[in-house]
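**Student:** Questions regarding the structure given below will be posed in turn.
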Amino acid sequence: MEVFKNIDLLPFNTFGLSCIAESLVNISTREGLPEYFEGKGENPALVLGGGSNLLLTQNIPGRVLKVEIPGIELIREDEEHVYVKVGAGVVWHEFVLHCIQNNWAGVENLSLIPGNVGAAPMQNIGAYGMEIKKVFHELEAYLTDDKCWQAFDLPSCHFGYRESVFKRALKNKAIIASVTFRLNKHANFNTSYGAIEQELERMGIQELSLRSVSNAVISIRQSKLPDPKKIGNSGSFFKNPVVDEAHFNKLRVEYPEIVGYPNENASVKVAAGWLIERAGFKGKRYGNYGVHDKQALVLVNYGGAKGSEIFALSEEIIQTVQSQFGITLEREVNII
Ligand code: EPU
Numbered sequence: 004m005e006v007f008k009n010i011d012l013l014p015f016n017t018f019g020l021s022c023i024a025e026s027l028v029n030i031s032t033r034e035g036l037p038e039y040f041e042g043k044g045e046n047p048a049l050v051l052g053g054g055s056n057l058l059l060t061q062n063i064p065g066r067v068l069k070v071e072i073p074g075i076e077l078i079r080e081d082e083e084h085v086y087v088k089v090g091a092g093v094v095w096h097e098f099v100l101h102c103i104q105n106n107w108a109g110v111e112n113l114s115l116i117p118g119n120v121g122a123a124p125m126q127n128i129g130a131y132g133m134e135i136k137k138v139f140h141e142l143e144a145y146l147t148d149d150k151c152w153q154a155f156d157l158p159s160c161h162f163g164y165r166e167s168v169f170k171r172a173l174k175n176k177a178i179i180a181s182v183t184f185r186l187n188k189h190a191n192f193n194t195s196y197g198a199i200e201q202e203l204e205r206m207g208i209q210e211l212s213l214r215s216v217s218n219a220v221i222s223i224r225q226s227k228l229p230d231p232k233k234i235g236n237s238g239s240f241f242k243n244p245v246v247d248e249a250h251f252n253k254l255r256v257e258y259p260e261i262v263g264y265p266n267e268n269a270s271v272k273v274a275a276g277w278l279i280e281r282a283g284f285k286g287k288r289y290g291n292y293g294v295h296d297k298q299a300l301v302l303v304n305y306g307g308a309k310g311s312e313i314f315a316l317s318e319e320i321i322q323t324v325q326s327q328f329g330i331t332l333e334r335e336v337n338i339i
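So for the sequence shown, the numbering used here puts the first residue at 4; every next one is plus one.
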């Protein structure tokens with residue numbers, strides 16, 4: 004366990020925002036968690052993984068726990084599946100590459116998502132027709148109130164679209180140490196998400212492989228999403244909102260090009276990027292922050308912006324979209 008005092012979290016959040024934490028505690032082993040909480044460790048103000056889904060708007064007068072537990076271990080296999088236990092501190096994309104190398108299928112569509120494995124279940128990360136709940140087996144978390152370990156199977160995580168129990172009832176109360184995935188020995192490629200097929204064609208790929216699908220996803224992401232190492236961002240800032248069909252059909256009369264996907268219970272998931280673009284924000288720059296020019300769902304820090312400024316911009320976007328379309332956008336990122 005390593006402890007740092009009055010430390011700037013700038014290198015530890017993909018938005019690249021400066022924020023002083025009173026202390027930062029690095030936990031790099033599974034045993035480090037009970038050791039911390041059973042000692043005199045106070046409950047943390049923030050648990051940090053890869054810092055990829057976070058908007059820091061103020062200094063933190065308390066402890067920040069950074070979970071850096073490593074390890075990728077094949078724990079069991081049968082004819083069809085491998086069960087792979089991964090430490091919360093493993094970088095998500097490194098895990099994806101490890102799977103591709105070993106011919107374990109299921110996460111190739113989730114290539115290049117920033118962040119660590121421990122944060123992946125928090126918001127059930129998803130992209131290109133895939134969500135981690137489809138390959139999730141179980142996870143192990145330390146409960147900070149009860150001071151004990153608990154295993155969570157699929158139903159107990161309450162996964163939804165960018166949702167889980169760890170973001171709601173158990174926020175900051177269950178610290179994920181490892182996640183076990185159930186991956187497939189035989190690939191069942193999912194390229195139905197339009198852009199993947201187009202990209203594979205453009206790349207001249209005739210025979211699908213985990214590597215080629217991953218490369219296509221990487222290429223699409225790189226063309227639309229800013230690289231956090233160059234321009235601070237946390238991916239989609241908002242969720243795609245769900246509205247009832249009647250509301251969507253009414254909007255479609257006025258805006259025939261509106262983008263929406265049929266959803267359960269006579270509802271439609273609307274492309275928030277389209278709404279924000281149509282509201283006039285795409286590519287808008289306000290000094291050193293703004294809205295990405297290739298994907299309006301992504302807010303960016305060009306360097307030196309304050310989290311509070313980006314938050315104020317998100318507020319303005321929410322209000323403008325609300326008054327223009329009668330739809331309330333919900334933030335996907337965790338605001339501190
Ligand atoms: N669109 C616009 N203008 C924009 C952006 C998008 O009109 O500026 C429209 C496009 O017409 C497109 C549609 O919106 O047809 C959807 O756009 P895109 O395929 O880029 O996906 P998204 O719905 O904006 C979601 C996820 C992304 C994920 C992609 C691909 C959410 C909140 N975001 O974005 O996830 O990579 O699909 O599956 O669901 C993330 O969560 O951080 C993230 C990047």
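Heads up, the beta-carbon is just placed ideally off N, CA and C, and yes, glycines get one too.
To the nearest angstrom, how far is it from the Cα of G310 to the Cα of L59?
**Tutor:** Each residue's Cα considered, the two are about 5 Å apart.
**Student:** Following a CB-centred definition, is E335 positioned closer than 7 Å to any heavy atom of the ligand EPU?
**Tutor:** Indeed, a heavy atom of the ligand EPU lies less than 7 Å from the Cβ.
**Student:** Going along the chain, which unbroken runs of the alpha helix (DSSP H) with 4 or more residues stay wholly within the segment 193-220?
**Tutor:** 197-205, all fully within the segment 193-220.
**Student:** Report the option in K242, G163, L228, N236 whose CA atom is closest to the CA atom of F15.
**Tutor:** The candidate whose alpha carbon is nearest that of F15 is N236.
**Student:** How do the segment 125-136 and the segment 108-115 stand: do at least 3 beta-carbon pairs fall below 8 Å, yes or no?
**Tutor:** Yes, since at least three Cβ pairs between the segment 125-136 and the segment 108-115 fall closer than 8 Å, the two stretches touch.
**Student:** How far does the alpha helix (DSSP H) with R66 in it extend, from its first residue to its last?
**Tutor:** Segment 63-70 is the beta strand (DSSP E) holding R66; no alpha helix (DSSP H) there.
**Student:** Does the beta-carbon distance from D247 to A275 come in below 8 Å?
**Tutor:** No, the Cβ-Cβ distance between D247 and A275 is not below 8 Å.
**Student:** Could you tell me if the beta carbon of N177 falls within a distance shorter than 7 Å of some heavy atom in the ligand EPU?
**Tutor:** Looking at the sequence itself, residue 177 is Ala, so the reference to Asn does not match. Result no, Cβ not under 7 Å from the ligand EPU.
**Student:** Count the CB pairs spanning the segment 134-149 and the segment 198-210 that are closer than 8 Å, and state whether there are at least three.
**Tutor:** With the cut-off at 8 Å, the segment 134-149 and the segment 198-210 do not touch.
**Student:** With a floor of 4 residues, list each alpha helix (DSSP H) that falls wholly inside the segment 230-272, ordered by position along the chain.
**Tutor:** Correct list: 248-257.
**Student:** Between which two residues does the beta strand (DSSP E) carrying V28 extend?
**Tutor:** Segment 23-30, the beta strand (DSSP E) holding V28.
**Student:** Looking at V120: is its Cβ nearer than 8 Å to the Cβ of A91?
**Tutor:** The answer is yes: Cβ separation under 8 Å.
**Student:** Going by the DSSP bridge assignment, what does Q153 pair with across the sheet?
**Tutor:** Partner(s): A144.
**Student:** Indicate whether the contact test is met: 3 or more Cβ pairs, each with one atom in the segment 188-205 and one in the segment 166-178, closer than 8 Å.
**Tutor:** No, the segment 188-205 does not touch the segment 166-178.
**Student:** Given this structure, state the Cα-to-Cα distance separating P265 from H250, to the nearest angstrom.
**Tutor:** Cα to Cα, P265 sits roughly 13 Å from H250.
**Student:** Between the segment 32-47 and the segment 92-107, do at least 3 Cβ pairs fall closer than 8 Å?
**Tutor:** Because the criterion of three Cβ pairs below 8 Å is not met, the segment 32-47 and the segment 92-107 do not touch.
**Student:** Where does S195 land, buried or exposed, given buried means 16+ other C-beta within 10 angstroms?
**Tutor:** The residue is exposed, with fewer than 16 neighbouring Cβ atoms inside 10 Å.
**Student:** Indicate whether at least one CB of chain C lies closer than 8 Å to the CB of F240.
**Tutor:** Considering every chain present, this structure includes no chain C. It has just one protein chain.
**Student:** Counting Cβ pairs closer than 8 Å, one from the segment 183-192 and one from the segment 80-87, do we hit at least three?
**Tutor:** A contact exists between the segment 183-192 and the segment 80-87.
**Student:** So, is R79 buried or exposed, given that buried needs 16 or more other C-beta atoms within 10 angstroms?
**Tutor:** Exposed, since its Cβ has fewer than 16 Cβ neighbours within 10 Å.
**Student:** Are K30 and I72 close, meaning C-beta to C-beta below 8 Å?
**Tutor:** Reading off the sequence shown, one finds Ile at residue 30, where the question assumed Lys. Cβ atoms of I30 and I72: closer than 8 Å.
**Student:** Would you mind reading off the limits of the alpha helix (DSSP H) that contains G276?
**Tutor:** Where G276 is concerned, the enclosing alpha helix (DSSP H) stretches over 275-281.
**Student:** Considering Cα atoms alone, identify which of G307, A122, D149, E333 is closest to K176.
**Tutor:** For the residues G307, A122, D149, E333, the minimum Cα distance to K176 belongs to D149.
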